[in-house]
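Structure, as structure tokens:
Residue numbers (my numbering): 243 to 608.
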């Protein structure tokens, strides 16, 4: 194993953590931002729609950007936009500027997300064995670290106008040092080729698998604490522990998933994960944790001519699950209760077991 590959693996892990921390910083202090700007529920919803819109636009263009400038340069752009979006959110003078700032945040998050995953696929290809899930574990670690820092900021009454610029500056510095000092140099495979191409047949099941994984993960993220509080009558402390258990289990499983995939293969792993994911919050974390990383890793292998473009296509399908999940679960919860809403969201991971053999599809796509 060359020193460049080892250094790149560490650098990509750091960037995953920085990305998770940046996005976690925003999520944990949404109420504080709402209070500072005096936003109504409708104005906050408009901002969140702007975040989703920015994310979708960036996802649709990310593959083309990587084909043009490469995953290393795209990661720099994504880090600058994402970390620059945090202070923009904090200093927004009113609702319109708040919506615009969240569009910027969404663009930065998706651009960095796809770029670092595309570079992760390049590093994994150099290693010749599964290491993808470990990168995603660092995103979860960064997210927990960011939410922990937010809790301290709340406890010390640090205003978001101070917290977000400081956090954005620190995380940007960390990300740029990692990218510029550790990412592999030279063009990505397929760089300079056509910016847009119709996804190959082998990517379709991978996109559906990523979609299902994101639906299940997003369901617990968005509704888990509400479910524990309203349906099981758990207190606030216990309700928050549900998400904590989910997150910690995601980290632990992702740190070990690569070795398991290397031993039993991606197809068997995904089928086992889909079965495990129908349990409680911690067990859902254990099941869902490996689904998305394995799908993204397989996308890079399925399209050796242009792995960055393939990862972007599968990522777009996955994030579509995040966008659809709140609407679908809300509708089911209104009709039959939140319990059935969450059951239906986690049950979609059963589709993963059916489509898992698509992970073993041949190469030559893209």
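The beta carbon of each residue, even a glycine, is placed where N, CA and C say it ideally should be.
Distance, residue j Cα to residue i Cα
| i | j | result |
| --- | --- | --- |
| residue 603 | residue 353 | Confidence is the limiting factor: at residue 603 the pLDDT is only 48, short of 50, which leaves the residue's position unreliable and the question unanswerable from this model. |
| residue 546 | residue 361 | 13 Å |
| residue 413 | residue 345 | 19 Å |
| residue 589 | residue 427 | 42 Å |
| residue 244 | residue 284 | 53 Å |
| residue 594 | residue 454 | 7 Å |
| residue 533 | residue 598 | 10 Å |
| residue 340 | residue 388 | 21 Å |
| residue 457 | residue 564 | 6 Å |
| residue 459 | residue 508 | 19 Å |
| residue 311 | residue 433 | 7 Å |
| residue 320 | residue 281 | 28 Å |
| residue 506 | residue 570 | 34 Å |
| residue 379 | residue 498 | 9 Å |
| residue 303 | residue 297 | 10 Å |
| residue 578 | residue 366 | 44 Å |
| residue 494 | residue 515 | 14 Å |
| residue 510 | residue 443 | 21 Å |
| residue 397 | residue 404 | 14 Å |
| residue 288 | residue 247 | 43 Å |
Distance CB(residue i)-CB(residue j) smaller than 8 Å
| i | j | result |
| --- | --- | --- |
| residue 562 | residue 356 | no |
| residue 548 | residue 368 | no |
| residue 348 | residue 395 | no |
| residue 496 | residue 452 | no |
| residue 537 | residue 567 | no |
| residue 381 | residue 559 | no |
| residue 421 | residue 554 | no |
| residue 445 | residue 541 | yes |
| residue 258 | residue 377 | yes |
| residue 489 | residue 584 | no |
| residue 263 | residue 424 | no |
| residue 406 | residue 539 | no |
| residue 544 | residue 448 | yes |
Top-ranked residue by Cα proximity to residue i, from the options
| i | options | result |
| --- | --- | --- |
| residue 290 | 342, 580 and 587 | 342 |
| residue 327 | 282, 273, 455 and 267 | 267 |
| residue 419 | 308, 599, 593 and 250 | 250 |
| residue 409 | 253, 601, 271 and 570 | 271 |
| residue 330 | 308, 302 and 279 | 279 |
| residue 551 | 252, 358 and 324 | 358 |
| residue 308 | 570, 363 and 294 | 363 |
| residue 402 | 442, 298, 575 and 276 | 276 |
| residue 501 | 324, 351, 370 and 332 | 370 |
| residue 293 | 273, 324 and 507 | 324 |
| residue 255 | 398, 447, 443 and 417 | 417 |
| residue 461 | 287, 393 and 519 | 519 |
| residue 431 | 351, 305, 248 and 578 | 305 |
| residue 492 | 443, 535, 411 and 429 | 535 |
| residue 332 | 273, 398 and 374 | 273 |
| residue 596 | 337, 390, 393 and 517 | 517 |
| residue 411 | 582, 322 and 248 | 322 |
Residue i in three-state terms, based on DSSP
| i | result |
| --- | --- |
| residue 430 | coil |
| residue 364 | helix |
| residue 353 | helix |
| residue 189 | Past the edges of the chain, shown from 243 to 608, lies residue 189, and the structure says nothing about it. |
| residue 273 | helix |
| residue 576 | helix |
| residue 399 | coil |
| residue 606 | Summary for residue 606: the model assigns pLDDT 37, below 50, so the residue's position carries little reliability, and this model does not support an answer. |
| residue 478 | Residue placement at residue 478 cannot be trusted, given a pLDDT of 48 that sits under 50; the coordinates are not used to answer. |
| residue 244 | coil |
| residue 443 | coil |
| residue 278 | helix |
| residue 617 | Residue 617 cannot be examined here, being either before or after the span of the chain that is shown, 243 to 608. |
Expected contact under 8 Å - CB spacing of residue i and residue j to nearest Å
| i | j | result |
| --- | --- | --- |
| residue 504 | residue 372 | 5 Å |
| residue 512 | residue 450 | At roughly 12 Å, the Cβ-Cβ gap does not stay under 8 Å, so residue 512 and residue 450 are not in contact. |
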